[in-house]
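Student: If you're matching positions, the sequence shown starts at 404 in the numbering used here and goes up one per residue. Sharing a structure, written as structure tokens. Questions coming.
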Amino acid sequence: MSNLLWKSLVVSPAVLGATLLLSGTAIAASNATTEVLTVETQAATEVVQQPEVLAQATKDTQVLDQVNRYSNEGKNQSQVTSVSQFSDVQPTDWAFQALQSLVERYGCIAGYPNGTYRGNRALTRYEFAAGLNACLDRVNELIATATADMVTKQDLATLQRLQEEFSAELATLRGRVDTLEARTAELEANQFSTTTKLQGEAIFAYTDSSIANENGVFQDRVRLNLQSSFTGRDMLTTRLGAGNSTGLSLSTGGGAEGKQTFEVGSTGNNNVTLDKLTYEAPMGPAQVYIAASGGQHSDYAAVNNPYFFDKTDGGNGALTTFASENPIYRIGGGSGIALNVPFGQGGGILKPSSVTLGYLASEANNPAAGAGLFDGNYAALGQLNFSVGNRIALAATYVHSYNGANSTLFDSGLDNGAVVGTSLSNNLNSASASSSNSYGVSAAFRPTDKLSLSGFVSYHDVTGFGTGDDYEAWSYGVGIALPDFGKKGNVLGIFGGAQPYSFNNSGTNSSDIPYQVEGFYKYRVSDNISVTPGVIWVTSPGQNSNNNDAFIGTLRTTFTF
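Below, the structure written as structure tokens:
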């Protein structure tokens, strides 16, 4: 066969061009991402109801691995009009004249977007068979467009001999592709949806504490996410949730010190609720976020607290809401819209920056007086995001909020009270409305791949509409995380700081600051299971040093599917 191929290359520049084209594409194929393979494998993985189909489809996919690589890599090629466009082809190369002739005579040489040809590596028989089949289409195109004089009978005879030589591979390839297409069609016919993917998370948590009259509890929370994409760049999120957790009472007055993330939004009795309905899509260079229900500022704004923050208040980050994110993002929530717009070219050390704007209302569905999208409780956010190099992220945040009577400042737009902070920092006047202006700064620094530092500071100025209702609140914290500690996927984290507190709420002049220190170790049992033991220490609960320090121990197990 090798003798026949060598003679055919000498006789026909058209065949030489086909071979060189195949050689070039074969080089990049070894490094390409097998997009078709990934899609087909993902489809087979998602439809677990058909195990025998999955096994056969996986086998067929493995057989066609190299051909798929070649085909996908070919999609990234672009036609050239001159061989000089190739940066890796020099006039001194032995094939330069042949390439030049093929470009000018046949126009069947393609290069890669970076201006390279990559023609210095060998190709497999299957790759050659797939490329030869594509080359025949080019010949037919030349004949159909009245340029048959460019293809000689000798060229066609040589191609026919090559086709005969590779007839077995071509037939095998065609049969396997047909089989794979049939299997894929069967999977698609029985799949859950062509646009929607189901994801789930279940949390089992055992919690005990040093608090008097508080017993150890075993609690759960389950969430099912339906993620739908209609263009490949957008995302509709529909989330169902249920949980039975009830928070510990570290002090009187309704504070939320020590509150854990899996407690957020819990109904307490495992009733299923629709706790999030959002849609995200690009609009030009910007990203638009629309929340119909359950929207959070941290859904669309950069929190800059890696390894502690979990976007879903789930079971993969810190144990508590305080260590998870700056409390400024817990002001308000619900329904609304947000926009993230990039700006700047990112030259030099400063990377491209962005501005984030958002508006969320927690009573948007209520048409009554003093409620609705604009007349009820709301929070408007503005944030500037900056990156310095590849390892430092900074954000400056401003939130203006309005809260009616009997409201809570740090409530995430939920109906079941505060999710972080002391009662003095949260409890607004029960008889009149209030507005607040909050300012925050957050930063994250990753000096190495095995170390992450992050922190935040926030200040909150609350203006009550009644007499003596004004007060201020502060919060700050810093954390250190060691990713892949002991094993890839594990995280060791320590976070400490001051829970949101107030010195002057309604005439109260407490000078005690409720500090919190949290340590946890997330151990990755498998890709879908993690176990996180941790300890939480809170001093002066309720901003009162007469209250005993609280020690909380938690063992959290998270299942994702």
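Built from N, CA and C at the ideal position, the CB exists for glycine as well. Small disclaimer: the values here were computed from a predicted structure and weren't measured.
Whose C-beta lies closer than 6 angstroms to the C-beta of V938 among residues of the same chain, with five residues either side of it excluded?
Tutor: These residues qualify, in order along the chain: G922 and G956.
Student: May I have the straight-line CA-CA distance separating A460 from Y732, to the nearest angstrom?
Tutor: Its pLDDT being 44, under 50, A460 is placed unreliably by the model, and nothing is read from it.
Student: Taking the alpha carbon of G747 as the reference point, which residue from D716, N788, N950 and L565 has its own alpha carbon closest?
Tutor: Nearest of D716, N788, N950 and L565 to G747, Cα basis: N788.
Student: State whether the segment 848–861 contacts the segment 826–836, with contact taken as three or more CB pairs (one from each stretch) at a distance under 8 angstroms.
Tutor: Output reads no: the segment 826–836 does not touch the segment 848–861.
Student: Would you mind working out which of H863, S933 and A799 sits nearest S828, comparing C-alpha positions?
Tutor: Looking at the Cα atoms, H863 is the closest of the given residues.
Student: Hey, how far is the Cα of A446 from the Cα of L590?
Tutor: Note that A446 scores 34 on pLDDT, short of 50, meaning its location in the model is unreliable and no value can be drawn from it.
Student: When you compare only the Cα positions, how much space is there between Q919 and T597?
Tutor: C-alpha separation (whole angstroms): 46 angstroms.
Student: Could you tell me whether the segment 879–896 touches the segment 793–812, using the rule of 3 or more Cβ pairs below 8 angstroms?
Tutor: Touching, no.
Student: Can you check whether the CB of K662 is closer than 8 angstroms to the CB of T724?
Tutor: Yes.
Student: What are the partner residues of T664, as DSSP defines its beta bridges?
Tutor: Answer is none; T664 lacks a bridge partner.
Student: Measuring only from the beta carbon, is Y781 closer than 7 angstroms to any heavy atom that is part of the ligand HEM?
Tutor: You won't find the ligand HEM in this model; it holds no ligand whatsoever.
Student: Here's a check: name, in chain order, each residue in its chain whose Cβ is nearer than 6 angstroms to the Cβ of D619, leaving out the five neighbours to either side.
Tutor: The identity of residue 619 in the sequence shown is Gly, whereas the question assumes Asp. So the list reads D611, once near-sequence residues are dropped.
Student: Which whole-angstrom value is the C-beta distance of Y762 and G739, which I expect to be below 8 angstroms?
Tutor: Contact flag correct, Cβ pair sits at about 4 angstroms.
Student: Would you mind sorting K925 into buried or exposed? The rule is 16 or more other CB atoms within 10 Å of its CB.
Tutor: Buried is the call here.
Student: Among G824, G867 and G892, whose alpha-carbon lies nearest the alpha-carbon of G900?
Tutor: The shortest C-alpha separation from G900 is found at G824.
Student: Would you grab the beta carbon distance between Q946 and P903 for me? Rounded to a whole angstrom, and I think it's under 8 angstroms.
Tutor: Contact doesn't hold; Cβ gap of about 10 angstroms is too wide.
Student: Kindly indicate which residue of V844, G671 and G718 has the alpha-carbon position closest to the one of T960.
Tutor: The shortest C-alpha separation from T960 is found at G718.
Student: I'd like the span of the beta strand (DSSP E) that includes F906, first residue to last.
Tutor: Premise fails: F906 is in no beta strand (DSSP E) and is neither H nor E.
Student: Determine the DSSP secondary structure at V822, reduced to helix, strand or coil.
Tutor: Three-state result, V822: coil.
Student: Report the option in S757, T759 and Y781 whose CA atom is closest to the CA atom of N768.
Tutor: Closest option to N768, Cα to Cα, is Y781.
Student: Are three or more beta carbon pairs between the segment 618–632 and the segment 642–651 nearer than 8 angstroms?
Tutor: Contact between the segment 618–632 and the segment 642–651 is present, because at least three Cβ pairs lie under 8 angstroms.
Student: Ignore the nearest five residues each way along the sequence and tell me which others in V822's own chain have a CB closer than 7 angstroms to its CB.
Tutor: Cβ neighbours of V822 beyond the five flanking positions: A659, K662, V667, T724, R733, F813, D814 and S815.
Student: On the CB-based measure, 16 or more other CB atoms within 10 Å of its CB, does T448 come out buried or exposed?
Tutor: For T448, the pLDDT reaches just 36, beneath the cut-off of 50, and the residue's location in the model is therefore unreliable, although a value from the coordinates is still provided. It is exposed - the Cβ of T448 has fewer than 16 other Cβ atoms within 10 Å.
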